[in-house]
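**Student:** To start, I am sharing the structure in question, which I have written as structure tokens.
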Amino acid sequence: LVLSGILFSSCSLLPSNGGRPGDGVVSSERNPLRIPELLEDRNPDPNMAEYALEAREGEQEFIPGKLTKTFGYNGDYLGPVLRMRRGEQVSIQVSNALTDDTTIHWHGLEVDGEQDGGPHQKIKPGDTWNPQFTVDQPAATLWFHPHLAGTTANQVYMGLAGLIYIEDEVSDGLNLPKEYGVNDLPVIVQDRNFKADGSFAYEVSMMGVVPGNHLLINGTENPYVEVNQGKVRLRLLNASNADNYTFTLSDNLDFQQIASDGGFLEKSVVRKAIELSPGERAEVVVDLSAVKEDKTYLLVEGYPGLEFRILQLGKDTTEVPSQLVVLPKADATLSTGERSFQLEGMGIQGTINGKVYDPDRMDETIPQGKTEIWTLTTTFGGMMQSGGHPFHVHGTQFRVLSRNGKEPPEEERGYKDTVFVGVGEEVRILIQFKHQGMYMYHCHILEHEDYGMMGQIMVTAP
Ligand code: C2O
Ligand code: CU
Ligand code: CU
20 LVLSGILFSS
30 CSLLPSNGGR
40 PGDGVVSSER
50 NPLRIPELLE
60 DRNPDPNMAE
70 YALEAREGEQ
80 EFIPGKLTKT
90 FGYNGDYLGP
100 VLRMRRGEQV
110 SIQVSNALTD
120 DTTIHWHGLE
130 VDGEQDGGPH
140 QKIKPGDTWN
150 PQFTVDQPAA
160 TLWFHPHLAG
170 TTANQVYMGL
180 AGLIYIEDEV
190 SDGLNLPKEY
200 GVNDLPVIVQ
210 DRNFKADGSF
220 AYEVSMMGVV
230 PGNHLLINGT
240 ENPYVEVNQG
250 KVRLRLLNAS
260 NADNYTFTLS
270 DNLDFQQIAS
280 DGGFLEKSVV
290 RKAIELSPGE
300 RAEVVVDLSA
310 VKEDKTYLLV
320 EGYPGLEFRI
330 LQLGKDTTEV
340 PSQLVVLPKA
350 DATLSTGERS
360 FQLEGMGIQG
370 TINGKVYDPD
380 RMDETIPQGK
390 TEIWTLTTTF
400 GGMMQSGGHP
410 FHVHGTQFRV
420 LSRNGKEPPE
430 EERGYKDTVF
440 VGVGEEVRIL
450 IQFKHQGMYM
460 YHCHILEHED
470 YGMMGQIMVT
480 AP
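Read in the UniProt record's numbering, the sequence shown has 400 at position 381, and its numbers run on one by one without any break.
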């Protein structure tokens with residue numbers, strides 16, 4: 020197992036730099052929220068899409084007057100949004116202009132193991148990888164990031180991550196805000212630490228990565244965004260390495276959650292707070308009509324992370340449809356097999372079923388199309404920030420059957436690819452793989468993943 024790229028910079032229990040996101044902000048001046056570009060599809064055929072991504076080095080001014088060395092896809096930090104339609108045949112040219120190996124994994128996408136971009140689909144510096152697949156899953160907000168065992172955490176910290184939007188006839192037909200960058204906003208949330216010279220301080224201790232005291236949204240520190248006083252849709256992604264985030268709104272506003280990781284919920288759910296562990300997404304609609312001032316905030320861990328500047332006052336009387344989609348029932352009786360995964364974290368390290376990741380070992384095999392119940396438990400949360408583990412499975416979207424013996428909360432009744440298992444909790448999921456090949460399952464705390472809290476499952480011919 021290669022662990023290069025990770026340095027134990029301190030073994031003290033008190034992080035040198037870390038704190039809560041926002042603690043490190045020195046200037047109260049707000050910067051315009053960066054909106055990632057929508058990547059252009061180079062194929063004029065409406066049934067086909069061709070994209071090009073390049074992982075490269077860059078630099079960006081996060082902190083006024085200081086340049087930070089970064090990585091990005093097609094730019095300095097983060098990457099563009101890839102918008103795909105269900106049914107479309109997609110081909111992506113991914114080139115590696117970094118000086119280290121990388122891979123690119125489509126988190127949440129249901130594709131063959133060979134196209135998944137896990138640790139075995141390595142792209143060497145100067146090389147290009149060309150995954151091809153047909154999109155066949157409902158409208159959703161997915162994402163992509165590197166996935167090389169041992170260096171994922173550092174490469175993501177440096178900036179390699181981006182969003183994928185899947186659209187379909189259902190999303191076309193729903194009365195929801197859908198103007199990209201105007202009332203349908205990507206919100207990629209990460210915490211970072213900086214050294215005095217402006218460079219990233221990616222520091223790992225025995226406990227895990229040192230939590231960042233700066234909050235970045237789409238790579239912007241202290242952002243604001245101008246919106247009209249109607250409804251805005253936010254596509255929230257927790258792209259942090261290790262921390263869970265709780266999102267709330269000021270002015271006593273509510274979120275209407277419309278989607279989880281893998282697409283729309285059956286019914287929108289009104290929520291005061293949304294918690295996302297690393298890797299999870301939530302789509303929400305926020306109605307700004309009730310705001311009396313010309314400003315309101317999205318709070319992250321209580322910190323006013325994103326300022327909404329309201330341009331046009333007025334009421335928005337459109338209603339978010341209460342019934343969004345009809346999902347197949349998560350029916351436990353469809354299961355023809357069970358297995359269990361015990362997640363054990365000890366500081367920065369961890370195991371699944373007592374094993375550390377080995378690329379040469381196949382931990383599980385399952386036939387394509389077989390439905391199973393998986394039981395996820397944790398033993399010891401350790402001292403990692405969140406004290407639990409976001410369990411993620413590649414190549415499929417699953418359903419949560421129960422959490423601690425009870426029916427899951429409404430927001431967990433849709434499609435999920437990442438589910439948080441808190442200390443002492445038991446989560447049961449209903450899972451099936453539609454494609455064949457080898458896939459990873461792992462804890463999405465990226466340091467846990469890099470230090471071996473990952474396993475491999477082979478999906479064989481039915
Ligand atoms: Cu978000 Cu295995 O990945
Ligand atoms: Cu994934
Ligand atoms: Cu973990």
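Backbone N, C-alpha and C fix where the C-beta goes; we use that ideal spot for every residue, glycine too. Note that the coordinates shown come from a computational prediction; the quantities given were computed from them, not determined experimentally.
Using C-beta distances below 7 Å, list every residue in its chain close to ASN194, excluding the 5 sequence neighbours before and after it, in chain order.
**Tutor:** THR337 and PRO340
**Student:** Could you have a look at VAL412 and say whether DSSP puts it in helix, strand or coil?
**Tutor:** Looking at VAL412 - three-state DSSP - the assignment turns out to be strand.
**Student:** What ranges does the alpha helix (DSSP H) occupy inside the UniProt domain "Plastocyanin-like" (82-188), keeping only unbroken runs of at least 4 residues that lie completely in it?
**Tutor:** 171-177
**Student:** Grouping DSSP H, G and I as helix and E and B as strand, with all else coil, what is GLU285?
**Tutor:** strand
**Student:** Rounded C-beta distance between GLN276 and LEU284? I'm assuming under 8 Å.
**Tutor:** 7 Å
**Student:** Which residue from TYR470, GLN79, LEU395 and LEU317 puts its Cα closest to that of GLY443?
**Tutor:** LEU395
**Student:** Can you list the alpha helix (DSSP H) stretches of 4 or more residues lying completely in the UniProt domain "Plastocyanin-like" (364-479), in chain order?
**Tutor:** 465-469, all fully within the UniProt domain "Plastocyanin-like" (364-479).
**Student:** Which residues bound the beta strand (DSSP E) around ASN257?
**Tutor:** Here the beta strand (DSSP E) through ASN257 covers 250-257.
**Student:** Hey, PHE410 and LYS435: beta-carbon distance below 7 Å or not?
**Tutor:** PHE410 is not a Cβ neighbour of LYS435, given a cutoff of 7 Å.
**Student:** Residues in the same chain with beta-carbon distance under 8 Å from GLN455, minus the five sequence neighbours each way, listed in chain order, please.
**Tutor:** ASP131, GLY132, GLN387, VAL478, THR479 and ALA480
**Student:** Is the separation between the beta-carbon of GLN123 and that of GLY137 shorter than 7 Å?
**Tutor:** Note that residue 123 is Ile in the sequence shown, not Gln. Against a cut-off of 7 Å, the Cβ pair of GLY137 and ILE123 comes out as no contact.
**Student:** Can you confirm whether the stretch 419-439 touches the stretch 295-307 when touching is taken to mean that 3 or more C-beta pairs between the two stretches lie within less than 8 Å?
**Tutor:** Yes, they touch.
**Student:** Beta carbon of HIS461: closer than 6 Å to some heavy atom of ligand 3?
**Tutor:** no
**Student:** When DSSP labels each residue in this structure, what does LEU295 get in the three-state scheme?
**Tutor:** In this structure, LEU295 counts as strand in the three-state DSSP scheme.
**Student:** Rounded to whole angstroms, what's the CA-CA distance from PRO63 to GLU245? Just pull it up for me.
**Tutor:** 33 Å
**Student:** For the beta strand (DSSP E) that LEU317 lies in, which residues bound it at each end?
**Tutor:** 314-319
**Student:** Helix, strand or coil, according to DSSP, for ALA351 in the structure here?
**Tutor:** Helix.
**Student:** With distance defined between alpha-carbon atoms, name the residue in TYR70, VAL45, PHE439 and LEU58 nearest to ALA261.
**Tutor:** PHE439
**Student:** Please classify ARG447 as buried or exposed, where buried requires at least 16 other C-beta atoms within 10 Å of its C-beta.
**Tutor:** Its Cβ being crowded by 16 or more others within 10 Å, ARG447 is buried.
**Student:** What does a CB cutoff of less than 6 Å around LYS250 pick up in its chain, not counting 5 residues either side in sequence?
**Tutor:** Excluding sequence neighbours, LYS250 sits near PRO196, VAL304, ASP306 and ASP335.
**Student:** To the nearest angstrom, how far is the alpha carbon of VAL310 from that of GLU320?
**Tutor:** 21 Å
**Student:** Is ASP191 helix, strand or coil by DSSP?
**Tutor:** helix
**Student:** Buried or exposed: ALA68, going by 16 or more other Cβ atoms within 10 Å of its Cβ?
**Tutor:** buried
**Student:** Which of the three DSSP states, helix, strand or coil, is assigned to PRO323?
**Tutor:** In the structure shown, PRO323 sits in a strand (DSSP, three-state: E or B).
**Student:** Express the C-alpha separation of GLU391 and GLU357 in angstroms, rounding to a whole number.
**Tutor:** 5 Å
**Student:** Taking only three categories from DSSP, how would you classify ILE277?
**Tutor:** Note: ILE277 maps to strand in three-state DSSP.
**Student:** Quick check: does the Cβ of HIS413 come within less than 6 Å of any heavy atom belonging to ligand 2?
**Tutor:** yes
**Student:** Considering just the uninterrupted stretch of the beta strand (DSSP E) at GLN79, what are its terminal residues?
**Tutor:** 67-79
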